[in-house]
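A.B. asks: One structure follows; several queries about it will come next.
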Amino acid sequence: MYTPADTAAPSLTWNLAHDAAQVLEYHFMVNALLAGSAVAVAAGLAGWVMLVRREAFAGHTLAMMAFPGASAAALAGVAAGWGYLSFCIVGALAISRLPGGARGSWREEPAGIGVVQALALGLGFLFVSLYGGVLGDLEGLLFGEVLGVSDGQVLELAVVAVLVAAVLAGIARPLLLSSVDPAGGLARGLPVKALSAGFLVLLGATVAATSQVTGPLLVFALLVMPAASAQALSTRPTTSLIASVAIALLAVWLGLGLAYFSVYPPGFYIATVAFAIYLLARAAAAAAARRRRRVHGPAPAPGRPLAPEAV
Amino acid sequence: MLGQEYVRNAVLAGSVIALACGVCGWFVVLRGQVFAGDALSHVAFPGALAAAALGLDERVGLFAATVAAGGAIALLGRGALAGRGGRAAGVEPAGDTTIGVLFTFILAVGVFFLTLFSRSSGGGVGIQAAHTLFGSIFGLGAGEAALAAVLAGAVLAAVLAIGRPLLFASVAPEIAGARGVPTRLLGFAFLVLLGVIAAEASQAVGALLLLGLLAGPAAAAHRLLPGTGASVALAAGLALVSMWGGLALAYAVPSLPPSTAVIAIATGIYLAARAWR
Amino acid sequence: MLEANTRDAATELHDAAVRMGGRTVWSEVALRIEPGEFVGLLGENGSGKSTLLKVLLGALPLQHGTVSVLGRPPGSANNAIGYLPQRPGFGAGVRLRGRDLVRLGLDGDRWGLPLGIGARAAGRRAAARARVAETIELVGAAAYAERPIGELSGGEQQRLLIAQALVRRPRLLLLDEPLDSLDLPNQASVSALVDRVRREEGIAVLLVAHDVNPLLPYLDRVAYLAAGRAVAGPVREVITSETLTALYGVPVEVLHASDGRLAVIGAPEAPSYHHDRHEHHHGGSHVHAG
């Protein structure tokens, strides 16, 4: 795995153009940026929908599947990526089978997700113990390996991103309708449960892809923070969707750029940039709300845009 | 099995921790704060790392991080309790997003410290990390076990003491508020207590698996027994069964880590409850 | 000066005004409810009916004027008040039983567990259980009090909520739009229930509603909130075209159906962005979002 420390001491100067040129000199950095951009698009889109559907907890649980996925793969002797993807999909299906929505209790679903997560992590620990100790590539597992991504992997990630975007575009309207109003969706003949399960699987794939860039622990940096910032800034769906992707891209480019000059993992920088943007977005939204209140007087309590009941 | 001291220690600490987790978990599920509980357990690890970085005992960092996170979540969710009728539990839906953002950032800081450590100490972090993340209940000394039991017992007593007003505030916040129940303060206190038990239970089942002990038995109890007192008792009992069963299983099968065993049984109980009702 | 028999009033507001979010919601409000009286509080959306209840509960301070509840300042007598908030919203998943809710109404605000040992403690627990059962009987909810609340219909939930409000033998019942989400038969039966209970127990009732019709057979008086002011009196005096037109400042007509029901036509909804009727405009340019 290439690390910036291996190369001849790059350092950040105030000449941004020069720094950018330095970064782009290296093929591995270009690859990293391409991979990161693909992932940012997928995560910006899927994360936006995930927030509307209030499934952040499910998303996080899927991210945690990295651990049993990688350790099961090590035990089985296959590439970690395949283990991760399989566990993500199994996890997505397990979560989709939890009682939720019209039939069951919305309060049970989070508990069920918690059980799924704990079980998955417990299994991961078991696999590690059976495997006989610490996983070989723990660092890669925790932090992602975007700085060593090959051309082939870039292509794979690009394909995943295109697939995610295409599927989301296809099912966007029925999906959002069933998110906001599941009973109404059922009345219209929409396959609400199938859409739910389908989205979770899509989310699993996005999470698996994202964790290659940020590491599984910090998947939310691209999956939640850009979308949350965008939704704070604008309540119009198209606008905030585009903003979500744009912010994710910005976080990846800046984060990777900063990581080039440092020893700390790129995920850390991406998360920090994304968090900073989030704080700015929330501050801007709060200031705008205050200004609006002063001019117009008290507004009626704002409804949450696209706020679904139980899903 | 109970002839061995390390097993007795594990059973002592584990039992009280399980009871506390069952009771706390019952309220966590009722109030829809499972994700918050998850976040609390996830910040335990960076907390321990930060403490180590500052040269303090890791447990200090562990507790400080979980309690601080609990308080932060309570304060940031404050707007929820001011009359958002229509949702029975005391957590504003948007809180999930805020919680997710916050704990991701804290994990990022943890990643920072982890990098710092692995470069300086070169791999010694691994064992300590495994203990914090996955528990080390069979490694507790007599004194540690007693301390863990006392602390967990204190949390259990505290939650039971505020149980009635907490329940009232959770299901009918406006009515409770009109009756003088300090709903916001109770919400805050509960999350702080949750932070404490999260840090405690990290020793038994580990920070990452804590959720299973909090959510599984409680969800089963809610399913099987609607209502109050008996339901809480059932959650505590099921958690205890998970703990004992898990410890026994791990003792019998040495290659099975105790935390995994406990969680597996808790999961089984949850699935059985779903099948039953 | 306050009259000597103020102490007997269930609640009294005098020249009261309240502000929320920078605007005056209502002002110059005078209302007095006698013990055992059934008073309806009507008005369009946004007129400040819930706000008035909050003032009586001590949750909102008055900007001007005086208020007393059961002879005491608002907030200090809440143990003798039964309160039913607007749409408390038990989602489909709430597993709490009706009986548990009523029990919470009895002692849900007490710390610790009811786990004393000995005859006296057992006696107290038995008395509590009996009181809960008695109240559930009173509202006619015994058939479904053991089921999870989330599974019950709107009317059934309302009965249990009323039981929760009654279980401590209050002297004043404050009900915020209890009929709001009920169908007509349930509106009629819940109204009848409230009237029966208040006659049997001698409780004063202030019930907030949109529509006066389900309550017509039972109300002693009505208080009508509109355009920042209130008018109180017998129904036939308050809900008339003349009175409401004078109150709103725009033409409002009250139609009488052949069965005695009333329909209010033309009453404007309270605007969300509002220039105070009694204050000067704030200076500067205002742009209303409309």
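Chains as they are written, first to last, in our numbering: chain A, 1057 to 1367; chain B, -8 to 268; chain C, 265 to 554. We treat Cβ as the ideally placed atom computed from N, Cα and C, and that holds for glycine. Bear in mind that the values here come from a model prediction, so they are computed numbers and not experimental data.
List, in chain order, every chain A residue whose beta-carbon is nearer than 7 Å to that of B:Y261.
C.D. replies: Your numbering for residue 261 of chain B matches position 270 in the second sequence. Result: V1171.
A.B. asks: What residues in the segment 130 to 146 of chain B bring their beta carbon closer than 9 Å to a beta carbon of chain C?
C.D. replies: Answer in chain order: no residues at all.
A.B. asks: Could you give the first and the last residue of the continuous alpha helix (DSSP H) run that contains A:Y1082?
C.D. replies: Mapped onto the first sequence, residue 1082 of chain A falls at position 26. From DSSP, A:Y1082 is part of no alpha helix (DSSP H); its letter is neither H nor E.
A.B. asks: Could you check whether the Cβ of A:L1080 sits closer than 9 Å to any Cβ belonging to chain B?
C.D. replies: Taking the first sequence and counting its residues from 1, one reaches residue 1080 of chain A at position 24. A:L1080 does not count as touching chain B.
A.B. asks: Can you tell me the Cα-Cα spacing of C:Q327 and A:Y1320, whole angstroms?
C.D. replies: Position 63 of the third sequence holds residue 327 of chain C. Position 264 of the first sequence holds residue 1320 of chain A. Rounded to the nearest angstrom, the two C-alpha atoms are 58 Å apart.
A.B. asks: Could you pull the DSSP bridge partners for C:A472 from this structure?
C.D. replies: Locating residue 472 of chain C in the third sequence gives position 208, counting from the first residue. The amino acid occupying residue 472 of chain C in the given sequence is Val; Ala does not appear at that position. Answer is C:L305, C:D440, bridged to C:V472.
A.B. asks: In whole angstroms, what separates the C-alpha of A:L1179 from that of A:R1110?
C.D. replies: Residue numbering aside, residue 1179 of chain A sits at position 123 when the first sequence is read from its first letter. Residue numbering aside, residue 1110 of chain A sits at position 54 when the first sequence is read from its first letter. The straight-line gap from Cα to Cα measures roughly 27 Å.
A.B. asks: Do we get a CB-CB distance below 9 Å when we pair B:L229 with the residues of chain C?
C.D. replies: Mapped onto the second sequence, residue 229 of chain B falls at position 238. No, its Cβ sits nowhere closer than 9 Å to a Cβ of chain C.
A.B. asks: Excluding the 5 residues flanking C:Q422 on each side, which residues of the same chain have their C-beta closer than 6 Å to its C-beta?
C.D. replies: Numbered from 1 along the third sequence, position 158 holds the residue referred to as residue 422 of chain C. So the qualifying residues of the chain are P442, V454.
A.B. asks: Buried or exposed: where does C:P515 fall if 16 or more other Cβ atoms within 10 Å of its Cβ makes it buried?
C.D. replies: As a position in the third sequence, residue 515 of chain C is number 251, starting the count at 1. Under this definition C:P515 is an exposed residue.
A.B. asks: Short of 6 Å in beta carbon distance, which residues of its chain neighbour B:T219, apart from the five on each side in sequence? Order them along the chain.
C.D. replies: Taking the second sequence and counting its residues from 1, one reaches residue 219 of chain B at position 228. Counting only Cβ-Cβ distances below 6 Å, and skipping sequence neighbours, we find nothing.
A.B. asks: Suppose the cutoff is 7 Å on Cβ atoms and the five residues either side in sequence are ignored; what does the same chain contact list for C:P498 look like?
C.D. replies: Looking up residue 498 of chain C in the third sequence gives position 234. Excluding sequence neighbours, C:P498 sits near R485.
A.B. asks: I need the DSSP call for C:W375, collapsed to helix, strand or coil.
C.D. replies: As a first step, residue 375 of chain C is located in the third sequence; it is residue number 111 there, counting from the start. It is coil, neither helix nor strand.
A.B. asks: For B:P84, does the three-state DSSP call read helix, strand or coil?
C.D. replies: Numbered from its first residue, the second sequence carries residue 84 of chain B at position 93. In this prediction, B:P84 scores a pLDDT of 35, lower than 50, which makes its location untrustworthy; the coordinate-derived value is nonetheless stated afterwards. The answer is coil: DSSP assigns B:P84 none of H, G, I, E or B.
A.B. asks: Rounding to the nearest angstrom, what Cα-Cα distance links B:L240 and B:G126 in this structure?
C.D. replies: Here residue 240 of chain B corresponds to residue number 249 of the second sequence, with the count starting at 1. Here residue 126 of chain B corresponds to residue number 135 of the second sequence, with the count starting at 1. Approximately 16 Å between the Cα atoms of the pair.
A.B. asks: If you draw a straight line from the alpha carbon of B:G28 to that of B:G61, how long is it in whole angstroms?
C.D. replies: Looking up residue 28 of chain B in the second sequence gives position 37. Looking up residue 61 of chain B in the second sequence gives position 70. Looking at the two C-alpha atoms, the distance is approximately 8 Å.
A.B. asks: With DSSP run on the structure shown, which of helix, strand or coil describes B:L199?
C.D. replies: Translated into the one-based positions of the second sequence, residue 199 of chain B becomes position 208. Three-state DSSP puts B:L199 in coil, outside helix and strand.
A.B. asks: Below 9 Å between beta carbons is the criterion; list the residues of the segment 235 to 256 of chain B that meet it against any residue of chain A, in chain order.
C.D. replies: For the segment 235 to 256 of chain B, which is checked against every Cβ of chain A, the residues closer than 9 Å are S246, L247, P248, S250, T251, A252, V253, I254, A255.
A.B. asks: Along the segment 25 to 45 of chain B, where does the CB come closer than 8 Å to a CB of chain A? Name the residues.
C.D. replies: Per Cβ criterion, the list reads V25, F26, G28, D29.
A.B. asks: With A:M1120 as the anchor, note down where its alpha helix (DSSP H) starts and where it stops.
C.D. replies: In the first sequence, the residue the question calls residue 1120 of chain A occupies position 64. Looking at the DSSP string, the run of the alpha helix (DSSP H) that includes A:M1120 is 1112 to 1120.
A.B. asks: Let's test the definition: count the other Cβ atoms within 10 Å of the Cβ of C:T330 and tell me whether it reaches 16, buried, or not, exposed.
C.D. replies: Counting from 1 along the third sequence, the entry for residue 330 of chain C is found at position 66. Exposed: under 16 other Cβ atoms inside 10 Å.
A.B. asks: Alpha carbon to alpha carbon, how far is B:A143 from B:E191? Give it in angstroms, no decimals.
C.D. replies: As a first step, residue 191 of chain B is located in the second sequence; it is residue number 200 there, counting from the start. As a first step, residue 143 of chain B is located in the second sequence; it is residue number 152 there, counting from the start. Between B:E191 and B:A143, the C-alpha separation is close to 7 Å.
A.B. asks: Counting only beta-carbon atoms, is B:P208 nearer than 9 Å to chain C?
C.D. replies: Numbered from its first residue, the second sequence carries residue 208 of chain B at position 217. By this cut-off, B:P208 is not an interface position.
A.B. asks: Applying the criterion that 16 or more other CB atoms from any shown protein chain within 10 Å of the CB defines a buried residue, is B:M(-8) buried or exposed?
C.D. replies: Walking along the second sequence from the start, residue -8 of chain B turns up at place 1. Exposed is the call here.
A.B. asks: Taking C:A428 as the query, report the chain B residues whose CB atoms sit under 9 Å from its CB, ordered along the chain.
C.D. replies: Your numbering for residue 428 of chain C matches position 164 in the third sequence. It should be pointed out that residue 428 of chain C corresponds to Gln in this sequence rather than to Ala. Those within 9 Å of C:Q428 in chain B are A163, I166.
A.B. asks: Where does the unbroken alpha helix (DSSP H) through A:L1233 begin, and where does it stop?
C.D. replies: Numbered from its first residue, the first sequence carries residue 1233 of chain A at position 177. 1207 to 1236 is the span of the alpha helix (DSSP H), which, as asked, contains A:L1233.
A.B. asks: Buried or exposed: where does B:H213 fall if 16 or more other Cβ atoms within 10 Å of its Cβ makes it buried?
C.D. replies: As a position in the second sequence, residue 213 of chain B is number 222, starting the count at 1. Burial call: buried.
A.B. asks: Buried or exposed: which applies to B:N0, given that a residue is buried once 16 or more other Cβ atoms fall within 10 Å of its Cβ?
C.D. replies: Position 9 of the second sequence, counted from the first residue, corresponds to residue 0 of chain B. Looking at its Cβ environment, which holds 16 or more other Cβ atoms inside 10 Å, B:N0 is buried.
A.B. asks: Can you pull the chain B neighbours of C:R361, defined as C-beta to C-beta under 8 Å?
C.D. replies: The residue you call residue 361 of chain C lines up with position 97 of the third sequence. Chain B residues near C:R361: P217, G218.
A.B. asks: Go to B:M234, then tell me how far its alpha helix (DSSP H) extends in each direction, as first and last residue.
C.D. replies: Taking the second sequence and counting its residues from 1, one reaches residue 234 of chain B at position 243. Looking at the DSSP string, the run of the alpha helix (DSSP H) that includes B:M234 is 220 to 243.
A.B. asks: Between which two residues does the beta strand (DSSP E) containing C:W290 stretch?
C.D. replies: Position 26 of the third sequence, counting from 1, holds the residue named residue 290 of chain C. C:W290 -> beta strand (DSSP E) spans 287 to 297.
A.B. asks: Do B:L176 and the ligand PLP come close, with the Cβ less than 8 Å from some heavy atom?
C.D. replies: Questions concerning the ligand PLP fall outside what the structure shown contains, since it holds no ligand whatsoever.
A.B. asks: Would you be able to state if there are at least three C-beta pairs under 8 Å between the segment 1313 to 1328 of chain A and the segment 1138 to 1155 of chain A?
C.D. replies: Counting Cβ pairs under 8 Å, fewer than three are found: no touch.
A.B. asks: Within 9 Å of any Cβ in chain B, is that where the Cβ of A:V1319 sits?
C.D. replies: In the first sequence, counting from the first residue as 1, residue 1319 of chain A sits at position 263. Taking Cβ atoms only, chain B reaches closer than 9 Å to A:V1319, which makes this a yes.
A.B. asks: Determine contact between the segment 300 to 314 of chain C and the segment 394 to 410 of chain C, defined as no fewer than three beta-carbon pairs at a distance below 8 Å.
C.D. replies: They do not touch, by the three-pair rule.
A.B. asks: Got a sec, what are the start and stop residues for the beta strand (DSSP E) C:V282 sits in?
C.D. replies: Within the third sequence, numbered from 1, the residue matching residue 282 of chain C stands at position 18. Looking at the DSSP string, the run of the beta strand (DSSP E) that includes C:V282 is 275 to 284.
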